[in-house]
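Visitor:
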Amino acid sequence: MPQLEAIPEIDFQSEHYKDAYSRINAIVIEGEEEAHSNYQKLAELLPNDKDQLISLSRMENRHKKGFEACGRNLSVVADMDFAREFFSALHNNFQVAAAEGKIVTCLLIQSLIIECFAISAYNIYIPVADDFARKITEGVVKDEYLHLNYGEEWLKANFEASKAELEEANKANLPLVWKMLNQVEADAHVLGMDREALVEDFMIQYGEALTNIGFTTRDVMRMSAHGLAAV
Numbered sequence: 006m007p008q009l010e011a012i013p014e015i016d017f018q019s020e021h022y023k024d025a026y027s028r029i030n031a032i033v034i035e036g037e038e039e040a041h042s043n044y045q046k047l048a049e050l051l052p053n054d055k056d057q058l059i060s061l062s063r064m065e066n067r068h069k070k071g072f073e074a075c076g077r078n079l080s081v082v083a084d085m086d087f088a089r090e091f092f093s094a095l096h097n098n099f100q101v102a103a104a105e106g107k108i109v110t111c112l113l114i115q116s117l118i119i120e121c122f123a124i125s126a127y128n129i130y131i132p133v134a135d136d137f138a139r140k141i142t143e144g145v146v147k148d149e150y151l152h153l154n155y156g157e158e159w160l161k162a163n164f165e166a167s168k169a170e171l172e173e174a175n176k177a178n179l180p181l182v183w184k185m186l187n188q189v190e191a192d193a194h195v196l197g198m199d200r201e202a203l204v205e206d207f208m209i210q211y212g213e214a215l216t217n218i219g220f221t222t223r224d225v226m227r228m229s230a231h232g233l234a235a236v
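For this note's numbering, count along the sequence shown from 1 and bump the result up by 5.
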């Protein structure tokens with residue numbers, strides 16, 4: 006009978022782990038801060054949904070505080086300069102789209118790409134997290150599915166009018182996710198997170214979201230392939 010390969014025990018207190026964690030922890034903190042800010046901007050762009058979007062924004066701020074506590078628990082100072090640079094391309098694209106009133110592009114970036122990126126990262130991180138961070142992350146990921154659902158439902162209700170802009174925004178922004186995954190691969194590996202598992206989980210989450218909105222399987226495959234431009 007074949008033996009399952011044992012998962013190496015992770016030393017959460019090693020300097021090697023803490024060094025990598027300083028960047029990964031910063032990324033999740035900054036990701037939640039980006040989401041907090043983005044939902045506030047969306048509340049301005051979608052006044053009919055203002056209360057719901059402000060509620061989502063507040064939830065993201067609570068998540069940020071939870072992940073800040075995870076860093077303190079391991080006595081790690083998050084490398085926020087690294088994280089801001091990590092998110093800079095998506096951040097800039099969202100800001101440009103918001104300034105142009107391109108709600109569909111804003112929703113694709115925040116409610117699909119960033120939320121699916123977060124969900125996939127949290128799903129892969131939870132099994133290898135320290136006990137404190139695991140409890141925090143398990144609570145957060147449940148909320149992120151609600152946030153993903155908001156974007157799906159809005160875009161589904163406006164699918165025909167949004168389809169062309171969604172395809173354009175996907176082509177411009179999906180390759181950035183691959184660059185981000187490549188950039189963080191080494192640090193994620195130190196934390197026990199496999200890049201291929203991250204990619205697989207992201208594509209499952211993102212593909213399901215596109216399908217739920219109204220795209221066909223062929224559409225989803227074609228749109229997903231745009232990310233390969235960055236590999």
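For each residue, glycine too, the CB sits at the ideal point set by N, CA and C.
Since the model is a prediction, treat every value here as computed from it, not as a measurement.
#1: Taking 7 Å as the threshold (C-beta atoms), are Leu50 and Ile114 in contact?
#2: Assign Phe72 to one of three DSSP states: helix, strand, or coil.
#3: Return the Cβ separation of Asp148 and His41 in integer angstroms, given the expectation that the two are a contact with Cβ distance under 8 Å.
#4: Between the region 118-137 and the region 215-224, can you find at least three pairs of beta-carbon atoms closer than 8 Å?
#5: Determine contact between the region 95-108 and the region 46-60, defined as no fewer than three beta-carbon pairs at a distance below 8 Å.
#6: Among residues of its own chain, excluding the 5 on either side of Met228, which ones have a beta-carbon nearer than 6 Å to its beta-carbon?
#7: Is the beta carbon of His96 sitting closer than 7 Å to the one on Leu179?
#8: Go through its chain and collect everything with a Cβ distance to Glu190's Cβ below 8 Å, but skip five positions before and after it.
#9: Measuring alpha carbon to alpha carbon, tell me which residue in Arg77, Ser116, Met208 is nearest Ile141.
#10: So which of Asn30, Phe137, Ser116, Arg63 has the shortest CA-CA distance to Arg89?
#11: State buried or exposed for Ser167, treating a residue as buried only when at least 16 other CB atoms are found within 10 Å of its CB.
#12: May I have the straight-line CA-CA distance separating Leu186 from Pro52, to the nearest angstrom?
#13: From Val82 to Gly36, what does the alpha carbon distance come to, in whole angstroms?
#14: Quick check on the burial criterion: 16 or more other C-beta atoms within 10 angstroms. Buried or exposed for Tyr150?
#15: Where does Glu157 sit, in a helix, a strand or coil, going by DSSP?
#16: If you run the structure through DSSP and keep just helix, strand and coil, what is Met6?
#17: Rank Ile32, Ile59, Tyr211 by C-alpha distance to the C-alpha of Asn43 and give the top, closest one.
#18: What's the call for Glu20, buried or exposed, on a 16-neighbour Cβ count within 10 Å?
#19: Could you name the residues of the same chain whose beta carbon sits closer than 6 Å to that of Leu117, not counting the 5 residues immediately before and after it, in chain order?
#20: Going by C-alpha distance, which of Ser27, Glu205, Tyr211, Ile209 is nearest Asp86?
#21: Quick check on this structure: which residue in Asp56, Gln57, Phe122, Asp16 has the alpha carbon closest to the alpha carbon of Gly212?
#22: Helix, strand or coil for Ile59, going by three-state DSSP, please let me know.
Guide: In this structure, then:
#1: No Cβ-Cβ contact shorter than 7 Å links Ile114 with Leu50.
#2: Of the three classes helix, strand and coil, the one that applies to Phe72 here is helix, per DSSP.
#3: Rounded, the Cβ-Cβ distance is 12 Å, inconsistent with contact.
#4: The region 215-224, when compared against the region 118-137, does not touch it at the 8 Å Cβ threshold.
#5: Yes, they touch.
#6: Apart from sequence neighbours up to five positions away, the residues of its chain that approach Met228 with a beta-carbon distance below 6 Å are Asn175, ordered along the chain.
#7: Cβ atoms of His96 and Leu179: not closer than 7 Å.
#8: Only Arg200 meet the Cβ criterion.
#9: Distance from the Cα of Ile141 is smallest, within the candidate group Arg77, Ser116, Met208, for Arg77.
#10: It is Asn30.
#11: By the neighbour-count criterion, in which a residue is buried when 16 or more other Cβ atoms sit within 10 angstroms of its Cβ, Ser167 is buried.
#12: Each residue's Cα considered, the two are about 34 Å apart.
#13: Straight across, the Cα-Cα distance linking Val82 with Gly36 is about 16 Å.
#14: Using a 10 angstroms sphere on the CB of Tyr150, the tally of other CB atoms stays under 16, which defines it as exposed.
#15: Glu157 sits in a helix when the DSSP states are folded into three classes.
#16: Note that Met6 scores 39 on pLDDT, short of 50, meaning its location in the model is unreliable; the coordinates nonetheless yield the value given after this. If DSSP states are grouped into helix, strand and coil, Met6 belongs with coil.
#17: Answer by Cα proximity: Ile59.
#18: With fewer than 16 other Cβ atoms within 10 Å, it is exposed.
#19: So the qualifying residues of the chain are Gly156, Ala214.
#20: Of Ser27, Glu205, Tyr211, Ile209, the residue nearest in Cα terms is Ser27.
#21: The shortest Cα separation from Gly212 among Asp56, Gln57, Phe122, Asp16 belongs to Phe122.
#22: Note: Ile59 maps to helix in three-state DSSP.
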